[in-house]
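See below for the structure under consideration.
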Amino acid sequence: MRLVTYSDGTGSRVGVRRDGEVVPLGAAGTSLTDLPLGDVAALRRLAEGDGGGVPAGSVELLAPVRPSGCVYCVGWNYLDHFAEGHAAGGHKVEEMPAHPTFFFRAPATVVGPGEDIPIDPRLSPQLDYEAEIAVVIGRGGRNVPEDRAWEHVLGLTLANDVTVRDIQRRHGNQWSKGKSIDGTCPLGPEIVTLDEVGDLSQVKITCTVNGELRQSATLGQMAFPIPRILSELSAGMTLRSGDVVLTGTPSGVGYARKPPAFLTAGDEVVVAATGLGELRNRVVEADLTSYVRSAAD
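Number 280 in the numbering used here belongs to position 280 of the sequence shown; there are no gaps in the numbering.
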């Protein structure tokens with residue numbers, strides 16, 4: 001299945017994309033986390049029982065899921081990216097960590113396919129791209145054994161783990177602040193269940209900026225495969241249905257290039273992967289420095 005969240009002009013809803021159509025699941029206003037994500041068979045029955053769909057080209061795709069909590073992320077999960085990061089900082093390349101490196105993103109970072117990525121040079125000019133595969137949790141759990149990790153996965157989608165590099169390093173080199181600027185985590189365009197993905201080790205992920213290839217790797221190059229990531233992340237910590245886990249980026253990021261190549265207003269960034277489609281977003285100048293009071297306050 002290929003699950004999408006979309007707007008048809010009357011509001012957002014969830015659907016399954018197939019044969020050029022989007023078949024709705026549930027009533028208007030339903031979000032992905034309202035559905036039985038831990039039971040793919042039940043989702044299939046919902047899709048089969050809802051009748052006809054609408055042309056896929058007639059709807060606007062949104063972020064397929066918007067986590068209510070933080071987005072979980074893995075750093076340094078490709079050997080070549082680990083090496084380029086050390087080299088760019090003028091450091092000797094050390095051995096890869098023995099365990100995955102985790103950090104967290106704020107939920108307000110998530111945007112959908114086609115949405116703008118904001119940049120405000122007054123805040124920082126060092127906006128960087130990071131193409132990643134994202135795992136969407138179906139069945140929640142804690143202390144998930146590695147050999148049962150796939151039982152907890154709804155499917156995979158694409159992510160751009162956009163990073164503000166100087167802010168990332170400014171706060172004690174704790175990455176979460178530089179990864180949590182509003183609107184800097186595009187997700188989508190759809191969540192693809194594992195039966196449609198095929199051999200994960202051969203899935204190729206790429207990133208282009210204005211048509212120039214910047215990143216390219218296969219999932220087989222990951223230092224820590226997805227089951228290992230989910231097992232260690234869930235140790236003593238509960239993962240919930242609808243949570244999103246970003247699995248790391250390969251080499252080719254902007255700050256490690258010579259000279260560095262940060263994103264600027266007008267740039268178009270496309271993350272793509274075998275069987276997962278394309279996630280396309282444009283960088284647009286925005287005001288990120290004015291005081292804004294939350295509407296919820």
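All C-beta atoms, glycine included, are put in the ideal place defined by N, C-alpha and C. From a predicted model like this one, the values you see are computed outputs, not experimental measurements.
Neighbourhood of residue i by C-beta, 8 angstroms cutoff - its chain only, sequence neighbours within 5 removed
{"i": "Pro64", "result": "Leu3, Val4, Thr5, Leu32, Gly112, Val136, Thr157, Leu187, Gly188, Pro189, Glu190, Ile191"}
{"i": "Asp147", "result": "Pro227"}
{"i": "Met96", "result": "Trp76, Leu79, Phe82, Ala223"}
{"i": "Thr10", "result": "Ala28"}
{"i": "His58", "result": "The sequence shown places Ser at residue 58, not His. Cβ within range, chain order: Asp8."}
Close beta carbons around residue i, own chain, < 7 angstroms, minus the five adjacent residues each side
{"i": "Thr30", "result": "Arg13, Val14"}
{"i": "Thr62", "result": "In the sequence under discussion, the amino acid at residue 62 is Leu, which differs from the Thr named in the question. Around Leu62: Thr5, Tyr6, Ser7, Ser12, Gly112."}
{"i": "Pro260", "result": "Gly254"}
Residues that residue i bridges to, as DSSP identifies them
{"i": "Tyr6", "result": "Arg13, Leu61"}
{"i": "Asn160", "result": "Ala131"}
{"i": "Arg280", "result": "Val270"}
{"i": "Val111", "result": "Pro186"}
{"i": "Ser216", "result": "Thr206"}
{"i": "Arg105", "result": "Val71"}
{"i": "Tyr255", "result": "Note: Tyr255 sits in no beta bridge, so no partner."}
{"i": "Pro55", "result": "Glu21"}
{"i": "Ile191", "result": "Leu3"}
{"i": "Pro125", "result": "For Pro125, which the question treats as bridged, DSSP gives no partner whatsoever."}
{"i": "Pro118", "result": "Val284"}
{"i": "Leu263", "result": "Leu127"}
{"i": "Leu239", "result": "Gly141"}
{"i": "Tyr78", "result": "Met222"}
{"i": "Gly155", "result": "Val136"}
{"i": "Val245", "result": "Tyr72, Val135"}
Distance CB(residue i)-CB(residue j) smaller than 8 angstroms
{"i": "His152", "j": "Leu239", "result": "yes"}
{"i": "Val162", "j": "Asp128", "result": "yes"}
{"i": "Ala272", "j": "Val284", "result": "no"}
{"i": "Ile226", "j": "Ala149", "result": "yes"}
{"i": "Pro67", "j": "Pro107", "result": "yes"}
{"i": "Met1", "j": "Thr208", "result": "no"}
{"i": "Gly20", "j": "Pro55", "result": "yes"}
{"i": "Gly38", "j": "Ser176", "result": "no"}
{"i": "Val269", "j": "Leu263", "result": "yes"}
{"i": "Ile181", "j": "Thr109", "result": "yes"}
{"i": "Val197", "j": "Gly275", "result": "yes"}
{"i": "Arg257", "j": "Asp267", "result": "no"}
{"i": "Ala250", "j": "Ala217", "result": "A small fix is needed here, since residue 250 is Pro in this sequence, not Ala. Closer than 8 angstroms, so yes."}
Residue closest to residue i, alpha-carbon to alpha-carbon, out of the options
{"i": "Glu48", "options": "Arg17, Gly69, Glu84, Val197", "result": "Arg17"}
{"i": "Thr206", "options": "Arg280, Pro107, Ala27, Ala286", "result": "Arg280"}
{"i": "Ile167", "options": "Asp39, Arg148, Gln126", "result": "Gln126"}
{"i": "Gln202", "options": "Gly183, Ser251, Met222, Ile229", "result": "Met222"}
{"i": "Gly141", "options": "Asp243, Leu35, Val22", "result": "Asp243"}
{"i": "Lys179", "options": "Arg214, Ser58, Asp199, Gly248", "result": "Gly248"}
{"i": "Arg165", "options": "Thr184, Gly155, Gly69, Ala159", "result": "Thr184"}
{"i": "Tyr78", "options": "Thr274, His171, Gly252, Asn210", "result": "Gly252"}
{"i": "Glu60", "options": "Gly114, Ala98, Gly69", "result": "Gly114"}
{"i": "Ala159", "options": "Arg105, Met96, His171, Gly57", "result": "Arg105"}
{"i": "Ala131", "options": "Ala28, Ala295, Trp76", "result": "Trp76"}
{"i": "Gln215", "options": "Asp80, Arg45, Gly9, Gly69", "result": "Asp80"}
{"i": "Cys70", "options": "Val292, Phe102, His171, Asp199", "result": "Phe102"}
{"i": "Arg44", "options": "Gln174, Arg293, Asp195", "result": "Asp195"}
Beta-carbon contacts of residue i that lie in its chain and below 6 angstroms, excluding the five residues immediately before and after
{"i": "Val245", "result": "Tyr72, Val135"}
{"i": "Pro100", "result": "Val74, Phe224, Ile229, Glu232"}
{"i": "Ala303", "result": "Lying outside 1 to 297, the shown extent of the chain, residue 303 is not represented and no answer is given."}
{"i": "Gly53", "result": "Glu21, Val22, Val23"}
{"i": "Glu278", "result": "Val270, Ala272"}
{"i": "Leu155", "result": "Reading off the sequence shown, one finds Gly at residue 155, where the question assumed Leu. Result list for Gly155: Val136, Ile191, Val192, Thr193, in chain order."}
{"i": "Lys204", "result": "Thr218, Thr274"}
Does the segment 118-128 come into contact with the segment 224-244, if we say contact requires no fewer than three beta-carbon pairs (one atom in each stretch) closer than 8 angstroms? no
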